[in-house]
Amino acid sequence: MDTEDKPVPPQAASDVEDSDISCPTCLKIFRAVQGRDMEPRTEVSLGTIDELSASDCADHWLLMDFVIRELTYGPLLENGHRHVSIFSSGKSTPAEVVIYYDLYAKTWAGLEVLLVRQPDVPGHCGTGLIVHPEWIDLKLFRRWKDDCLSLHGAKCANPLQIAPIRPAWLIDTKEMCLVAGDSCDATVAGYVCLSYCWGDSTAVKARTKAKRENLHLLQQPKALNRLAVAGLVSPIVWSAIKVVRGLGERYLWVDSLCITQDDEAEMAVELNIMGAIYASAVVTIIAADGDSETALNGYFKRGWTYQELHMTSRKLFMGDDTIRWECQCASLFEVATIEATPNTMTTPLPANNGLPDIERVNTLLNSYNYRNLTHDEDAFPAIAGILALLSRQFAGGFLYGLPEMSFDMALAWFPGFLGGMRRRTASSSRQSVLAYPSGLPSWSWLGWAGGFEMGDEEGMGLLARTKPNIQHFGEESAPIAEWFTSSAPTGAPRRRIDSWWLAERTRRMEHDRSMPPPDGWEQCKSGFTPPMENGQAAEWPEKPRDYWEYGYRHKNQPQSLFWYPVPTTKTAVTESLPALPPQTQYVMCDTKRAWLWACRFPQPSTHTFGNKTASLLDSAGARVGCLFMHHHKHLQDLFSEAPDAGIVAIELVEVCRRRRPSASRSWDTVPYWGSRAKAPLFQDNCEVYICLWVKWKDGVAFRRAIAVVEKSRWESQKLEHVALVLG
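Okay, structure coming up:
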């Protein structure tokens, strides 16, 4: 990466009118890139990958082919069902082409696109610049950083409200050696972090890393210069050193050199505060092109980099032959003439406002769970910093990614609407040095790779959000057991999981609306009318008739309307992030079980969710519910056990009860039910049991799938009491 200050003038692009474009897809793309007659970030659907590839137009396929190859995994045939959209540009934003990994959960990957400016055409709408791939204008980056520091103030200084820390070691780019983090010049503002993928090549293994045997040598002035001459400093670290100097900073943190790799005590401490290290950095350089040695594009697909991306306040992205700046207040582009715009490019962490926001947590953790990990057992450690941060809103913290305060609800998570989930498995010999054990329990979404849905339909009391305009019609879970957790399947010793949310929710829903709400809350008209079905207003039994008429807003999140005043937590800056509870991978309770029959649906389905779902029958052959597998291949494996009969007996254990009003998403409206119109299983205001299909090994049950069984039909089965231990 060269660092000479040689800006390149923009090159011309031809001007095009709508009348010149005959292809409907090309016209959609062109208008979105122009932002013509559209609000910024307006979504325009382009269809599925299969539909785009079948088009006779070669023009838009040049763009689509590039986007698809950049953003998808595996052969084209395996991705044909994925939906493609383009978000329109605005005065200060580029357009973005996205491919959905999960359309229902709204998780995607995207690439930004700009229309190149034609300077000799008056009023030309293009904002893109063609820059030289080998020259970088460091003065531009310095200006971006200085403007942020001087103009944005506290919004970018510490948006996550984490007490600043110093890492154990830093690279002094002036003396070119390691220095102790707490011994740095107090007049220096801070340090810069480098976020990148290590890679796994022979060259990577040959590069110098901090170890106990060479730590004293790395602290000698000019030590890194001598190593660089010998080719022992990775190119990406060497480039980052130059960028740090160009930014007007002095200190750099790089994990391979600033954590002593064979000092387990130091590594455990540093990795457990990794999130805070990135949150405390002045800027984080994000090497998005690939790993430290190669051009393999992997940054946005790797699990460990997800936490780094979200915990840092100011980011300098370097990749795809261009540079981009993001902070909490602005996004800036080396390749664009557009002015600074509010940052909309990265999924934000939920605000530290004391309100539990399960919807945003669900989106955040979903995006993480699609990422790749070299070692599956790193699934929890790689997200532990974010989970600790979220614990400020979710009292009691998270047990393997499930909030303890609403454990009953969270345990009943579903696989994502599209795609599938893969069971993660631990390496046979690798041991983690982290304080957190590297378990992969089957009952947690962390034990599976892929999209999932955890409590999103309940909304944790959320009725509606103004931006975006999302309404929750109040699915409600109810506990059926008291849960405990232990590091051993015997349950000795064991800890009670304090899942208090559901009981507190009931108490708060019974809040006397004539009484003043708690501090920070105000009662207001909801502005909604009850959803209608068959000409009747959808109502919950035993709820007041004005349930839909009123809502509550909190001063810290006025854009959201809640059913009732939800519990809040303190939002002050703490000395450190909350400690997560002990991560014990067995959970247990006394519950009930029954045997039901899984069978194929009468008609094959092309619907993605339908391909991983089976019908549940009782011993009389009556349909009582449905079974949701994690992957369509798991469904094939299930029925391979009885290829002729097409019906398999499975053991289900109940984990919670759930009900919903008629206007909520129905478990009976997925397009593969066949005869549902004649004989719907789930009626209005229905109640169901959420059950897990489990298989036992050595006294421990392991989750294989999740099931929904209509309440009265479940209770009519021959239920057995069981001491359930989930592993």
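Going by the numbering used here, the final residue of the sequence shown carries number 974, and the count climbs one at a time with no gaps. Where a beta carbon is used, it is the ideal one built from N, C-alpha and C, also for glycine.
From tryptophan 355 to threonine 319, what does the alpha carbon distance come to, in whole angstroms?
-> 10 Å
Complete runs of the alpha helix (DSSP H) confined to the stretch 358 to 441 [at least 4 residues] = 385 to 398 and 401 to 404
Starting from the C-beta of leucine 966, find all residues in its chain whose C-beta is less than 8 Å away, skip the five residues before and the five after it, and write them out in chain order.
-> Lys839, Arg840 and Ala841
Taking all protein chains shown into account, do 16 or more other C-beta atoms lie within 10 angstroms of the C-beta of cysteine 771, making it buried, or fewer, making it exposed?
-> exposed
How big is the Cα-Cα spacing for leucine 824 and serine 733?
-> 24 Å
Measuring CA to CA, which of Gly767, Ala739, Gly566 and Val426 is closest to arginine 413?
-> Val426
Considering valine 973, what are the terminal residues of the beta strand (DSSP E) in which it resides?
-> Inspection of the sequence shows that residue 973 is occupied by leucine rather than by valine. Here the beta strand (DSSP E) through leucine 973 covers 967 to 973.
Range of the contiguous alpha helix (DSSP H) that encloses isoleucine 488 | 482 to 493
Per DSSP, what kind of secondary structure is histidine 801 in: helix, strand or coil?
-> strand
If you check the beta carbons only, do isoleucine 276 and isoleucine 333 fall under 8 Å apart?
-> yes
Keeping to the same chain, check which residues put their C-beta closer than 8 Å to that of histidine 399; ignore five residues upstream and five downstream.
-> Cys574, Gln575, Cys576 and Ala577
For the candidate residues Arg278, Thr860, His328 and Glu317, whose alpha-carbon lies nearest to that of serine 300?
-> His328
In the DSSP assignment, find the unbroken alpha helix (DSSP H) run with leucine 611 in it and report its ends.
-> 605 to 616
Can you have a look at proline 715 and say buried or exposed, based on whether 16 or more other CB atoms are within 10 angstroms of its CB?
-> The predicted position of proline 715 is uncertain, since its pLDDT is 38 and thus under 50; no value can be drawn from it.
Within 8 Å, strictly: CB atoms of valine 331 and isoleucine 346 = yes
Where cysteine 846 falls: helix, strand or coil (DSSP) = strand
Secondary structure of glycine 566, DSSP reduced to three states = strand
Would you give the residue range spanned by the beta strand (DSSP E) that threonine 295 belongs to?
-> 290 to 295
Is there contact here, the stretch 475 to 494 with the stretch 512 to 527, by at least three beta-carbon pairs under 8 Å?
-> no
Would you call the stretch 857 to 873 and the stretch 597 to 617 touching, i.e. three or more CB-CB distances under 8 Å?
-> no
So alanine 528 packs on cysteine 903, CB below 8 Å; how close in whole Å?
-> No, alanine 528 and cysteine 903 are not in contact; Cβ-Cβ is about 41 Å, not under 8 Å.
Ignore the nearest five residues each way along the sequence and tell me which others in alanine 673's own chain have a CB closer than 7 Å to its CB.
-> Asp623, Glu624, Ser685 and Leu687
With DSSP as the reference, label alanine 526 as helix, strand or coil.
-> helix
Report buried or exposed for histidine 968, applying the criterion of at least 16 other Cβ atoms within 10 angstroms of its Cβ.
-> exposed
Meets three-Cβ-pair contact criterion under 8 Å: the stretch 399 to 411 and the stretch 459 to 472 | no
Looking only at its own chain, which residues have a Cβ that is under 7 Å from the Cβ of tryptophan 983, when we skip the five neighbours before and after it?
-> Outside the shown range of the chain (248 to 974) lies residue 983, about which nothing can therefore be said.
Per DSSP, the bridge partner or partners of threonine 838 | Val969
Neighbourhood of alanine 635 by C-beta, 8 Å cutoff - its chain only, sequence neighbours within 5 removed = Gly522, Gly644, Leu824, Pro825, Ala826 and Leu827
Per DSSP, the bridge partner or partners of glutamate 511 | The partner list for glutamate 511 (beta bridge, DSSP) is empty, contrary to what the question assumes.
Are valine 439 and isoleucine 532 touching if we call contact CB-CB under 8 Å?
-> yes
Tell me, which residues are paired with lysine 772 by DSSP?
-> Tyr797
Mark tryptophan 920 as exposed unless 16 or more other C-beta atoms lie within 10 angstroms of its C-beta, in which case mark it buried.
-> Here the model assigns tryptophan 920 a pLDDT of 36, short of 50, so the residue's position is not dependable, and the following value carries that caveat. When all chains shown are included, tryptophan 920 counts as buried.
Lysine 944: first and last residue of the uninterrupted beta strand (DSSP E) it sits in = 934 to 944
Mind checking which residues open and close the alpha helix (DSSP H) that includes glutamate 962?
-> 958 to 962
Hey, could you find the ends of the alpha helix (DSSP H) glutamate 751 is sitting in?
-> 748 to 756
Under 8 Å, do leucine 899 and valine 871 count as touching if we go by C-beta distance?
-> no
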